[in-house]
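Asker: Protein chains in written order, with our numbering: chain A, 1 to 315; chain B, 1 to 365; chain C, 1 to 311; chain D, 1 to 523. Note that the Cβ used here is the ideal one computed from N, Cα and C, for glycine as well. Here it is, the structure in full.
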Amino acid sequence: KSIAILTPEEGTDYGWNQQGIDAAKAAAKAAGVEVVVAQGLGYGDVRPTLRELASDGASLLIAHASGYNTAAPEIAKELKVPVAIVDTPTGLEKGLVADYTLSGHQGAYLAGRLAAKMSRSKSVGIVVSGEPPSWNSQSAAFAQGVKAENPDVKVTYAVIGPAAYSDAAGGKRVTESVIASGADIIFGQGNGSSFGMLQAVETTKAGDGGKVYFIDVIGDKTPIDKGFLLSSVVWNIEPVYAAMIADLKADTFGTKSYSIGLKDDSVKLLKTAAIPDNVWTEIQALREDVISGKIPVEPVYDAAAVRALMTSVAQ
Amino acid sequence: MSIETAPSASATALDATAAVATRRDIQHRLLMTLGPILAALIIAGCILLAVGVDPLAYYGFVLEKGLFSPLGIQQTLTRMAPLLFLAAGLIVAFRAGMWNLGGDGQFLLGAVTAAASAPLFVQVMPAWLALFCSFVIAMVVAMIWSLLPALLRAYQGVNEIITTLMMTFLGTSLANVLVKLVFRDPGTTVPQTRTLPVEDRLPRLFGTTITSGLLLGLAAIIIVHLVMTRTAFGLKLRIVGANPRAAIHSGLGVPGLTIAVFAISAGLAGLAGAVDILGVQGNVRADWNPAYGLAVIPVVFLARMNGFAAIGFVFLLSVLSIGGESAARRLGVPKHFTLVLVSIVLIVLALAEYIDHRYNQSRRA
Amino acid sequence: MTGLFSEVFLSALLFGAVTAAIPLLLAGLGEQMSEKAGVLNIGIEGMMLAGAYLGFVGAFYSGSLWLGFLTGAGGGMAVALVMALLCVRIGLNQIVIGIALTLGLEGLTALLHHFQFSRSYPRLPAVDVTVIPLLSDIPVIGPALFKQHLIVYLAVALVFGMGYIYRRTQLGLNLQAAGDKPAALDVAGIDVLRTRTVAVLTTGALAGLGGAYLANIGAGLFIPFITNGAGFLGIVLAMLARGRPVWVLFGALLFGVCLSLTTAMQVAGINIPTDIIQMLPFLAVMIMLVLFGRRAGLPAALGIPYERGAR
Amino acid sequence: MGSLSSLSGADKRDIVALEGVTKRFPGVVANDSVDLAIRPGEVHVLLGENGAGKSTLIGMLSGLQQPDEGRILVDGEPTAITSPRHALALGIGTVFQHMMLVPTLTVAENLLLGGPWWQRPKTEELEARVAGITRTLGITVKLHAKVSELSLGEQQQVEILRAMVRNSRLLILDESTSMLTPKGIDELGALMRRLVEQGLAIVFITHKLKEAAAFGDRISVLKLGRKVGEIPPERFRALGEQAIISEIVELMFGKQKDDPEAAQRPVRTIHAEAAPLLRVHDLAVAPTDDAPGLSSISFDIRPGELLGIAGIDGNGQKQLAEALAGQRATAGGSVRLEGASIEALSVGERRQKGLRYLTDDRLGEGTVGTFPVSINFFLKQVGAAPFWRKGVEQRAEIDQRAAQLVREYDVRTPSLKTPVARLSGGNIQKVLLARELAEGAKVVIFNKPTYGLDLANTLASRQRIRDTAARGLAVLLISTDLEELLSMCDRIAVIANGSLVGTVENVDDARTKVGRLMIGLAA
Ligand SMILES: Nc1ncnc2c1ncn2[C@@H]1O[C@H](COP(=O)(O)OP(=O)(O)OP(=O)(O)O)[C@@H](O)[C@H]1O
Ligand SMILES: Nc1ncnc2c1ncn2[C@@H]1O[C@H](COP(=O)(O)OP(=O)(O)OP(=O)(O)O)[C@@H](O)[C@H]1O
Ligand SMILES: [Mg+2]
Ligand SMILES: [Mg+2]
């Protein structure tokens with residue numbers, strides 16, 4: 001019995017790929033099964049890898065990229081191997097296809113509240129390298145959080161460019177522009193390019209001459225932080241994978257969607273030294289409200305809707 | 001010094017020696033292809049050793065997973081289909097002296113239109129007809145995309161390297177715009193086109209996972225080879241390529257032929273996109289760009305624009321990319337090592353050809 | 001909406017445009033020199049990657065950006081040396097080798113990054129800018145154009161330096177002859193292969209410098225595939241410029257400005273997909289070609305290896 | 001090793017001496033132990049058929065190639081001339097058979113090419129030097145014109161000038177007269193005389209025996225790479241022109257008495273009343289960047305008639321030929337073939353109607369150099385039966401017909417599959433002749449048909465052209481070689497600056513009349 005995870009990039013990105021791989025390893029260890037990691041597969045055709053992993057005996061294939069959500073279910077049907085895919089809530093099939101469309105929107109909402117509280121210039125920025133659904137929902141929730149905290153805080157939204165996942169220079173350039181437009185907190189989502197955003201934050205002064213802070217998503221970049229990381233919407237995918245393995249054993253695989261949220265800490269806001277304790281306390285209180293449903297946070301996945309939201313919040 | 005030709009008498013004799021020469025030639029070519037590949041593997045092996053990986057294990061996996069395992073060979077053959085179409089298109093262009101470097105843009109637009117049209121067509125017509133129509137549409141769209149560089153080259157003499165490169169940048173963006181805004185599947189959150197159901201895609205061969213696109217690709221490249229070498233049309237194109245002034249002098253309609261070359265070359269690139277979508281992928285996602293074109297260009301040169309040789313090299317490329325991916329994963333090398341391997345193979349093959357050429361020359365002297 | 005476009009923001013956009021333009025400028029100038037001398041250097045993307053990687057390594061470990069530029073240029077030149085040996089000295093097909101070098105360097109730098117930096121993602125500190133007095137006080141333009149790192153001014157100066165070389169020196173004549181009629185250069189007593197080698201190595205150095213700029217100043221770090229096709233843009237720019245360095249500068253700036261325009265429109269909340277805005281520079285150039293397109297003045301012997309006395 | 005018999009001839013006075021020099025190329029021995037002595041104050045003429053190895057010899061003196069065997073002595077010292085730069089440093093200046101100027105640079109820049117790379121071109125210095133040289137040589141050059149704007153003759157002058165600017169002690173001219181007018185040739189002869197009087201040594205290669213006899217001091221004859229004879233200056237002076245020519249002819253071709261070039265024009269009768277086959281009226285072509293235009297060109301050619309076009313090269317001859325063939329757009333006027341207007345027709349359609357054009361640019365546009373000889377025969381018939389059926393190549397038909405043409409036209413080729421560029425110029429010319437004279441020809445335009453050909457090939461080509469006219473075809477013969485026109489044509493028109501300045505019947509005093517027209521005087 002083994003499970004396999006396929007990721008588009010190397011699992012060393014303190015982000016999507018690394019979280020997926022780490023979670024798969026942890027879940028496998030907990031369940032006492034082997035794990036095969038196929039990383040850095042890119043966004044092309046993964047059918048060969050899927051078939052090979054299946055033929056090597058993997059009993060669950062985790063296709064950890066939205067780009068794999070056509071290929072993986074097809075291979076599942078072809079070879080009768082269960083697969084887990086993302087960003088396809090409608091694709092469930094019992095025993096074969098499970099979806100784990102994850103969204104840290106609840107966490108992003110808190111991050112928005114945090115940003116609005118802490119912005120000295122009353123202006124924050126969102127920089128993304130692309131517009132996949134899970135990022136869109138976080139961008140939207142972040143903006144909602146900002147506005148909920150203080151409607152006067154300006155939210156600036158910028159996409160680096162098409163297929164700019166590895167455009168670190170673009171990330172830096174766009175982030176610098178957004179900072180120049182007044183933002184002193186950047187909510188950044190991107191793979192390789194997020195390091196360019198981090199670099200911009202580290203090397204550019206805010207309008208008031210002070211520090212610009214960075215809020216990251218999915219991973220925890222603390223090990224490489226130089227004191228500019230304000231927080232991160234950290235995901236923990238392990239419970240999801242653990243539940244999948246359990247469902248496989250219980251023969252309920254493919255009957256339900258998995259999600260992550262604040263409730264079980266599978267989404268949480270990273271506490272750093274840059275966050276004052278009183279602010280953190282307030283955020284923790286808000287967390288409870290979100291969990292209890294007192295503050296409803298709905299995910300918005302569509303890029304156009306997100307942009308529309310930004311335009312309306314920008315005004 | 002100058003040898004008189006004794007035509008009718010020696011014609012047959014000449015042919016006979018030619019046949020013998022051809023057999024030896026094939027042996028020689030095989031040697032001159034496999035030898036360099038071996039050398040390249042040794043060089044790449046040193047890099048592997050340097051990063052602490054056992055090269056023999058690596059190559060073992062490459063061969064096993066790319067060539068000798070039933071699964072691997074099926075994957076390899078499937079991967080070949082779009083590459084063959086692209087190579088066929090490049091053969092036409094390069095033989096006619098046109099540097100169509102816009103293959104990726106044409107490929108993507110072909111892919112997007114095929115992906116957009118096929119799922120609609122299958123709802124109203126038999127699957128085979130739907131596939132056929134999608135192929136045609138993909139081809140036509142790619143042809144249209146090449147029209148501007150073709151016209152600029154034919155009537156204004158604007159260098160096509162520039163225009164096709166720019167059209168490929170434009171085409172890549174346009175393909176994304178089409179996927180995101182025009183042909184987007186409303187049923188998914190991810191921007192992608194509607195998915196063609198697996199059962200409506202090109203049939204697979206003999207119960208394997210090999211797509212019948214492989215046969216289409218083989219047919220395309222062989223037809224192209226025969227047309228280019230055996231027909232008047234192919235000869236005209238080759239004249240335009242080898243000496244455009246001679247083509248004008250000989251009364252060939254150079255502008256028309258130029259446009260034809262672009263159309264055929266782009267059409268084949270569009271078909272490459274279509275065969276990949278209709279045979280394997282089923283849909284196109286936003287920002288998808290496998291950039292096959294760049295990898296196929298050197299292959300076509302190394303094959304000296306010979307269709308059969310190109311088939312061999314495309315096969316090699318597929319084995320390396322399928323097997324390399326697998327081997328890298330098993331041994332913990334980043335997948336990018338495959339790029340290094342392909343690069344070394346290309347350079348060593350080019351060097352070998354040079355040495356071979358030199359050797360032949362000095363032998364004749 | 002007007003409030004969005006503060007002076008600071010506008011000058012940041014312009015600053016960003018310049019930053020994005022410099023690597024393209026250096027790559028384009030380099031490519032131009034190769035092409036002038038008759039070598040179609042498709043491997044320039046690989047040279048930029050080598051420059052980006054080694055430039056970053058040099059700057060990161062030494063703490064000196066200038067040393068980084070030096071190692072970056074050296075890295076580009078090392079790749080160019082391979083190209084010169086294979087394509088100039090022994091006349092292998094320039095397109096095959098160029099593409100092979102690009103693929104190889106993509107793989108190699110990604111590999112090295114994986115073993116070296118993929119856990120630590122080191123980043124460089126902020127760069128020191130050289131402020132040009134008076135000019136930098138001009139609103140908007142001043143801070144964008146005249147508060148740049150010294151290398152930016154040097155790169156722009158290089159444009160005019162190249163123009164001087166091409167029009168006013170024997171070397172310029174040699175380069176042009178090497179591209180247009182190498183045999184004539186040869187019988188005039190100048191070694192064609194040496195001339196072309198010099199041109200290719202210069203290309204490598206400039207491309208490497210462009211890569212180093214991209215990594216060290218543009219991004220402040222190195223990640224795999226960081227050049228993202230900048231080398232191919234450089235080829236397009238060089239071909240469009242028809243031998244004039246100033247046109248490379250204009251072209252590079254056009255691309256830079258279009259990139260910043262993307263950001264500006266988004267910040268202004270204008271809802272156009274980035275894909276469409278990114279098509280603008282290419283569209284502009286294609287339209288110019290359609291309107292004014294004539295035979296691009298590419299050198300007659302471009303891409304053809306030279307061999308003395310061959311026929 | 002070759003014979004070293006004339007080793008003792010390596011005189012102290014020799015600037016350069018070759019001893020037993022051998023050079024091999026794949027499949028050919030281009031030079032076979034050649035001995036040669038080159039002395040100051042002498043014009044040393046090198047003669048030999050196409051492919052005899054003359055240019056190869058020159059290549060070794062100019063540093064382009066190194067001998068496989070034997071040695072070269074410079075000032076008595078064995079010297080390996082390793083590069084063109086080295087040759088220039090030794091004072092060896094060469095005007096190559098093929099143009100060696102950069103077309104996109106100006107004349108001045110071309111002359112300056114080769115200076116230290118870091119310097120600014122020393123244009124002023126050059127202008128002063130050129131002024132001095134051109135004054136003594138009596139030529140003028142446009143220093144600041146682009147080379148591509150010059151006529152071939154002007155380019156050749158620039159090349160000679162370049163050799164002079166570099167202070168050459170030994171000046172080598174490889175077929176430098178092939179592009180010049182009779183007047184230009186005479187001037188070049190006078191120039192060479194002045195130069196050798198200044199103490200230079202000159203090596204002069206030509207295919208024209210009259211030039212050899214008129215300008216030379218010493219003659220060496222090469223045959224199949226071997227030196228087969230030499231006429232030293234003493235003997236040269238002792239003999240008259242005719243005697244020298246017949247001696248050369250004997251060396252080159254074996255027993256033969258007279259000057260073979262001096263063939264008399266056979267008297268032919270042309271039906272004056274016959275309707276013209278080709279009728280050109282008021283033809284005009286717009287000038288382009290690199291070519292002059294044509295204006296009000298009118299002439300008729302009747303069946304069997306041979307009309308010559310004389311003129312200094314670059315006065316619109318090529319444009320005229322191309323306009324007639326349909327390769328160049330016209331700006332007015334009419335062209336009628338057998339009374340039917342053909343201006344609107346394409347190149348291919350004109351050929352269909354029987355209009356044939358034999359280009360002067362054999363490798364540039366006449367053939368596809370890398371294609372086999374066989375295919376080049378049918379370059380203008382691609383797709384036509386019986387060689388192609390339903391668009392598919394019929395190898396057997398093509399090879400059979402090609403073999404027939406090879407025999408008929410005596411094309412010397414290793415095989416039908418040989419790339420045509422490997423043939424010598426003369427043999428390429430035979431391929432073109434065969435192609436243009438193929439069935440259906442009515443009007444044939446020959447553009448410089450004997451340019452660069454050796455004597456035997458020249459004579460053979462001329463005979464073909466005469467035969468063509470004799471078959472009742474109309475022939476337009478464009479040539480810069482006045483002798484050729486006078487020996488063949490019925491009438492000669494003179495072209496200058498893109499228009500016909502006069503037409504002369506080829507009778508007794510045609511030579512003077514044409515000559516006067518060419519230098520701008522009325523006939
Ligand atoms: N690259 C080559 N390889 C092999 N043989 C060649 C090559 N080039 C020329 N030849 C041989 O050279 C012979 C004569 O060619 P060459 O070009 O020297 O003629 P040429 O001396 O210039 O004559 P012409 O005055 O007619 O042009 C031919 O028989 C041909 O076989
Ligand atoms: N670079 C080369 N490669 C192969 N063969 C060559 C080369 N150069 C010359 N030859 C061969 O050497 C022989 C001599 O050629 P060369 O050009 O010296 O003749 P030539 O006497 O100058 O003829 P022409 O009167 O036509 O100029 C020819 O047979 C030719 O094929
Ligand atoms: Mg010669
Ligand atoms: Mg010749």
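#1: Which one of B/Trp288, B/Ala116, B/Phe135, B/Gln281 has the shortest CA to CA distance from B/Thr211?
#2: Once you ignore the five residues that flank B/Trp145 on each side, which residues in its own chain have a CB closer than 7 Å to its CB?
#3: Using CA atoms only, rank isn't needed, just tell me which of A/Pro73, A/Leu102, A/Lys117 is closest to A/Leu96.
#4: Assign A/Lys80 to buried or exposed, taking buried as 16 or more other Cβ atoms, counted over all protein chains shown, within 10 Å of its Cβ.
#5: Under the three-state reduction of DSSP, which class applies to D/Thr206: helix, strand or coil?
#6: Kindly list the residues whose CB is nearer than 8 Å to the CB of A/Leu319, restricted to its own chain and excluding five residues on each side of it in sequence; keep chain order.
#7: What residues from chain C crowd round A/Ile218, counting only those whose CB sits closer than 9 Å?
#8: Might you give, ordered along the chain, the residues of its own chain that have their beta carbon closer than 8 Å to the beta carbon of C/Gln266, omitting 5 neighbours on each side?
#9: Any beta carbon of chain C sitting closer than 7 Å to that of B/Asn283?
#10: How about D/Leu294 and D/Gly498: are their beta carbons less than 7 Å apart?
#11: Can you name the residues of chain D whose CB is closer than 8 Å to the CB of B/Phe233?
#12: Could you check if D/Lys54 belongs to the surroundings of ligand 5, using beta carbon to heavy atom distance under 6 Å?
#13: Given that D/Gly115 touches chain C, what residues does it touch there, using C-beta distances under 7 Å?
#14: Taking 6 Å as the cut-off, is the C-beta of D/Gly63 nearer than that to any heavy atom in ligand 2?
#15: Out of D/Asn506, D/Asn50, D/Leu152, D/Gly153, which has the shortest C-alpha to C-alpha gap to D/Leu306?
#16: If you measure from the CB of D/Phe25, is any heavy atom of ligand 2 nearer than 6 Å?
#17: For C/His114, is the classification buried or exposed, using 16 other Cβ atoms within 10 angstroms of its Cβ as the cut-off for buried?
#18: Say whether chain C places a C-beta atom closer than 7 Å to the C-beta of B/Ile322.
#19: So, for C/Gly142: in the same chain, excluding its five sequence neighbours on each side, which residues have a beta-carbon less than 8 Å away from its beta-carbon?
#20: In whole angstroms, what separates the C-alpha of B/Leu34 from that of D/Val95?
#21: Only counting the same chain, and skipping five residues up and downstream in sequence, which positions put a Cβ closer than 7 Å to that of B/Lys236?
#22: Which residues in the same chain have their Cβ closer than 7 Å to the Cβ of B/Ala350, if we skip the five residues on either side of it in sequence?
#23: Is D/Asn50 a contact residue of ligand 2, with contact defined as CB to any heavy atom under 6 Å?
#24: Can you have a look at A/Trp135 and say buried or exposed, based on whether 16 or more other CB atoms are within 10 angstroms of its CB?
#25: I'd like the list of long-range same chain contacts for B/Ala16, defined as Cβ closer than 7 Å, with 5 residues on each side in sequence excluded.
#26: Under the assumption that C/Ala178 contacts C/Arg167 (Cβ atoms under 8 Å), give the Cβ distance between them as a whole number of angstroms.
#27: Check each candidate in A/Lys94, A/Ala169, A/Gly125, A/Ser129 and name the one with the smallest Cα separation from A/Ala250.
#28: In the stretch 82-97 of chain D, which residues sit with their C-beta less than 9 Å from some C-beta in chain C, listed in chain order?
#29: Could you check whether the Cβ of D/Val285 sits closer than 6 Å to any heavy atom belonging to ligand 2?
#30: Nearest to D/Ala310 by CA position, among D/Leu320, D/Lys146, D/Gln97, D/Asp68, is which residue?
#31: Is D/Ala30 a contact residue of ligand 2, with contact defined as CB to any heavy atom under 6 Å?
Answerer: The short version:
#1: Locating residue 211 of chain B in the second sequence gives position 211, where the first residue counts as 1. Checking every option, the nearest Cα to that of B/Thr211 belongs to B/Gln281.
#2: Against the second sequence, residue 145 of chain B aligns to sequence position 145. Gly105, Gln106, Leu109, Met167, Gly171, Ala266.
#3: By 1-based counting over the first sequence, the position of residue 96 of chain A is 96. The candidate whose alpha carbon is nearest that of A/Leu96 is A/Pro73.
#4: Position 80 of the first sequence, counted from the start, is the residue given in the question as residue 80 of chain A. So A/Lys80 ends up on the exposed side.
#5: Taking the first residue of the fourth sequence as position 1, residue 206 of chain D is located at position 206. Looking at D/Thr206 - three-state DSSP - the assignment turns out to be coil, as it is neither helix nor strand.
#6: Chain A is shown only over 1 to 315; residue 319 of chain A falls outside these bounds and no answer can be derived.
#7: On the first sequence, residue 218 of chain A is found 218 positions in, with the first residue counted as 1. Per Cβ cutoff of 9 Å: no residues; A/Ile218 is ~15 Å from chain C at best.
#8: Residue mapping note: residue 266 of chain C aligns to position 266 of the third sequence, counting from 1. Cβ within range, chain order: Thr274.
#9: Residue mapping note: residue 283 of chain B aligns to position 283 of the second sequence, counting from 1. No, because no Cβ of chain C sits closer than 7 Å to the Cβ of B/Asn283.
#10: Walking along the fourth sequence from the start, residue 294 of chain D turns up at place 294. Walking along the fourth sequence from the start, residue 498 of chain D turns up at place 498. For D/Leu294 and D/Gly498, yes; Cβs fall inside 7 Å.
#11: Position 233 of the second sequence, counted from the start, is the residue given in the question as residue 233 of chain B. Here the neighbours are Gly383, Gly391.
#12: With respect to small molecules bound, the structure shown includes ligand 1, ligand 2, ligand 3 and ligand 4 and not ligand 5.
#13: As a working mapping, residue 115 of chain D is identified with position 115 in the fourth sequence. Result: Gln170.
#14: Start at 1 with the first residue of the fourth sequence, and residue 63 of chain D comes out as number 63. D/Gly63 Cβ: outside cutoff for every heavy atom of ligand 2.
#15: Stepping through the fourth sequence from its first residue, residue 306 of chain D is reached at position 306. Of D/Asn506, D/Asn50, D/Leu152, D/Gly153, the residue nearest in Cα terms is D/Asn506.
#16: To locate residue 25 of chain D, count along the fourth sequence from 1; it is residue 25. Answer for D/Phe25: yes, Cβ within range of ligand 2.
#17: By 1-based counting over the third sequence, the position of residue 114 of chain C is 114. C/His114 is buried by the Cβ-count criterion.
#18: The sequence position of residue 322 of chain B within the second sequence is 322, counting from 1. Chain C, which has no Cβ nearer than 7 Å to the Cβ of B/Ile322, makes this no.
#19: In the third sequence, the residue the question calls residue 142 of chain C occupies position 142. Excluding sequence neighbours, C/Gly142 sits near Ser11, Leu135, Ser136.
#20: Counting from 1 along the second sequence, the entry for residue 34 of chain B is found at position 34. Counting from 1 along the fourth sequence, the entry for residue 95 of chain D is found at position 95. Rounded to the nearest angstrom, the two C-alpha atoms are 47 Å apart.
#21: By 1-based counting over the second sequence, the position of residue 236 of chain B is 236. Leu252, Leu257, listed in sequence order.
#22: Start at 1 with the first residue of the second sequence, and residue 350 of chain B comes out as number 350. Within the same chain, B/Ala350 has close Cβ partners Leu302.
#23: Indexing the fourth sequence from 1 puts residue 50 of chain D at position 50. Answer for D/Asn50: yes, Cβ within range of ligand 2.
#24: What you label residue 135 of chain A is simply residue 135 of the first sequence in a count that begins at 1. Classification for A/Trp135: buried.
#25: Along the second sequence, read from residue 1 onward, the residue named residue 16 of chain B stands at position 16. Low confidence applies to B/Ala16: its pLDDT is 36, below 50, so where it sits in the model is not reliable, and the reading given next is rough at best. Taken in chain order, the list of residues that qualify is empty.
#26: Working through the third sequence from its first residue, we reach residue 178 of chain C at position 178. Working through the third sequence from its first residue, we reach residue 167 of chain C at position 167. No, C/Ala178 and C/Arg167 are not in contact; Cβ-Cβ is about 16 Å, not under 8 Å.
#27: The count along the first sequence starts at 1 and reaches residue 250 of chain A at position 250. Selected option, being the one with the closest Cα: A/Lys94.
#28: Ser83, Pro84, Arg85, His86, Ala87, Leu88, Ala89, Thr94, Phe96
#29: In the fourth sequence, the residue the question calls residue 285 of chain D occupies position 285. No; taking the cut-off as 6 Å, the Cβ of D/Val285 has no heavy atom of ligand 2 nearer than that.
#30: For the purposes of this step, residue 310 of chain D is taken as the residue at position 310 of the fourth sequence. Comparing Cα positions, the closest option is D/Leu320.
#31: The count along the fourth sequence starts at 1 and reaches residue 30 of chain D at position 30. Indeed, a heavy atom of ligand 2 lies less than 6 Å from the Cβ.
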